[in-house]
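Residue numbers (our numbering): 122 to 260. Scroll down for the structure; my scribbles are underneath it.
Shown next, in the form of structure tokens:
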């Protein structure tokens, strides 16, 4: 009785669904011989930055951040026409966040936040802002 009732509804192309589920990294793009499109590069950057939010040590997070920065530079060398973004804006946005957190910590002596936690939270805030900036580029 209901056969063919919803035939007029178009399905999403399978390729697009596959790309949305696939988490590409900058490192994977560097190892691939094909030239990615700009959206793929931006998604790889966003994925790498999102992975930083899972790290619970400021030292490890900073180490991985430097790794991403190195990969961004290599991507810029490999695909100079695609990406003209570096992490300078991220670092400019991070500095006031760290200063604010230090100031808040001094003003609230009852707060038991370690320096590691202070850096970790500050970097997470700046990362979330950077992710939002990159997401706006593909929307």
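Heads up, the beta-carbon is just placed ideally off N, CA and C, and yes, glycines get one too.
Beta carbon of residue i, beta carbon of residue j: below 7 angstroms?
i           : j           : result
residue 239 : residue 222 : yes
residue 190 : residue 215 : no
residue 150 : residue 157 : yes
residue 200 : residue 251 : no
residue 163 : residue 258 : yes
How far does the alpha helix (DSSP H) with residue i in it extend, from its first residue to its last?
i           : result
residue 206 : Here residue 206 belongs to no alpha helix (DSSP H), and DSSP marks it neither H nor E.
residue 241 : 236-259
For the putative contact between residue i and residue j, defined by C-beta atoms under 8 angstroms, what is the C-beta separation to the nearest angstrom?
i           : j           : result
residue 147 : residue 181 : Between residue 181 and residue 147 the Cβ distance is about 18 angstroms, and since that is not below 8 angstroms, they are no contact.
residue 255 : residue 166 : 6 angstroms
residue 241 : residue 179 : 4 angstroms
If we define contact as Cβ-Cβ less than 7 angstroms, is residue i a contact residue for chain C?
i           : result
residue 215 : No chain C is part of this structure, which consists of one protein chain only.
Is it a yes or a no for the segment 234-248 touching the segment 171-180, going by three-plus beta-carbon pairs under 8 angstroms? yes
At which residue ranges does the segment 131-197 contain complete alpha helix (DSSP H) runs of 4 or more residues, listed in the order of the chain? 135-142, 147-152, 159-173
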